[in-house]
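In our numbering, the protein residues as written are 3 to 322.
Heads up: the structure comes next, in structure tokens.
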């Protein structure tokens, strides 16, 4: 076993970050609400090795990351820490400065939406890779959440590495890589993972990553203009405006984009006591929160879900 300490901004909450939206429910993520610990299986490359990792909050400002496998090679350990840091949107340990861009980003958001500070809301869980985030987004479009959960379970079960089954608490594998999905037969993917018409989009996406047509570093570079990233995603099969905005916000941190979907409209119908609210009016309301429209909207959805579902929802959307 290997163990590392990861410094985080002072106001960071692991629970609130992990449970900020439903991605934490998707395999191979496992959130232990009682132990306040995130588990999952990750695949390291060059050469490939599969490890189970756990992350917990040791003290304010400090997380503990543990892996099931001892990683004597520092470059491999760094690869693992980089993946976990991406998931939680925290700085890599060698940066060593608690005043991070993530911390600054939260402070800027709190300046326009101060109510979010008291709940530790601000950072949002994402995947260890852009590819995983994009596939998860495809599985969440035009479908119930229950089916989204099933699709991701099946993707991991059928196309994750078999040898990882022994280390995952749910008996599942890793999230499949682009290489693992690029050559999958479309009909098999439909049958095995119940992804329906999304199969062609998932395979097309995987092939684009394998061919180098999609470069994660380019998408995540601060030098890449939002408009360029948006157009590049819109050009992909299966990515309409909603899916594109979801990737831009949750995965890439462009917090000013605002996807409008059934959840957005449901939230506003509830706010308006059952009355339908036009999309234009919804967009107009969130103008006051620029450049953090998405975070403002998501905090309201996050809060409303916790209130409506009561304490039973505490592990999903914790407010206390």
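Cβ atoms here follow ideal geometry from the backbone N, Cα and C, with glycine treated the same way.
Residue span of the alpha helix (DSSP H) that contains residue 290, given as start and end: Neither: residue 290 is in no alpha helix (DSSP H) and is coded neither H nor E.
Touching by the beta-carbon criterion (3+ pairs, under 8 Å), the stretch 206-219 and the stretch 233-241: yes
Helix, strand or coil: how does DSSP classify residue 84 here? helix
Can you tell me whether residue 21 is buried or exposed, with buried defined as 16 or more other CB within 10 angstroms of its CB? buried
Integer Cβ distance of residue 44 from residue 176, believed to fall under 8 Å: 7 Å
Taking all protein chains shown into account, do 16 or more other C-beta atoms lie within 10 angstroms of the C-beta of residue 299, making it buried, or fewer, making it exposed? buried
Less than 8 Å between the CB atoms is what I'm expecting for residue 57 and residue 40, so what's the real figure, rounded? 5 Å
Contact between the stretch 16-34 and the stretch 114-124 is defined here as three or more beta-carbon pairs at a separation below 8 Å; is this criterion met? yes
Flag this pair as yes or no: are the beta carbons of residue 84 and residue 73 separated by less than 8 Å? no
Which residues in the same chain as residue 89 place their Cβ atom closer than 7 Å to its Cβ, once the five residues preceding and following it in sequence are excluded? 127, 128, 129, 130
If the criterion is Cβ atoms closer than 8 Å, does the pair residue 152 and residue 142 meet it? no
Euclidean distance between Cα positions of residue 156 and residue 256: 30 Å
How would you write the range of the beta strand (DSSP E) that residue 9 sits in, first residue to last? 4-9
Could you tell me the distance, in whole angstroms, from the CA atom of residue 269 to the CA atom of residue 226? 32 Å
What's the C-alpha gap between residue 234 and residue 260? 18 Å
Helix, strand or coil, according to DSSP, for residue 238 in the structure here? coil
From 144, 220, 275, residue whose alpha carbon lies closest to that of residue 242: 144
If you count every other CB in all the chains shown that lies within 10 Å of the CB of residue 136, and 16 or more means buried, which is it? buried
At the 8 Å Cβ level, is residue 307 part of the contact set with chain B, yes or no? No chain B appears in the structure shown, which is made up of a single protein chain.
Could you tell me which uninterrupted alpha helix (DSSP H) segments, each at least 4 residues in length, are contained entirely in the stretch 182-251, listed from first to last along the chain? 188-195, 200-212, 218-222, 228-236, 243-248
Taking DSSP as the reference, what is the three-state secondary structure of residue 73? coil
Starting from residue 15, follow the beta strand (DSSP E) in both directions and report where the run begins and ends. Premise fails: residue 15 is in no beta strand (DSSP E) and is neither H nor E.
Could you check whether residue 188 and residue 179 sit closer than 8 Å to each other, using their CB atoms as the reference points? no
Only counting the same chain, and skipping five residues up and downstream in sequence, which positions put a Cβ closer than 7 Å to that of residue 3? 68, 69, 70, 72
Candidates 140, 264, 277: which alpha carbon is nearest residue 199's? 140
State buried or exposed for residue 166, treating a residue as buried only when at least 16 other CB atoms are found within 10 Å of its CB. Since pLDDT at residue 166 reaches only 46, below the 50 mark, its modelled position is unreliable, and no value is offered.
C-beta contact flag for residue 10 and residue 64 at 8 Å: yes
Determine the contact status of residue 194 and residue 28, defining contact as a CB-CB distance below 8 Å. no
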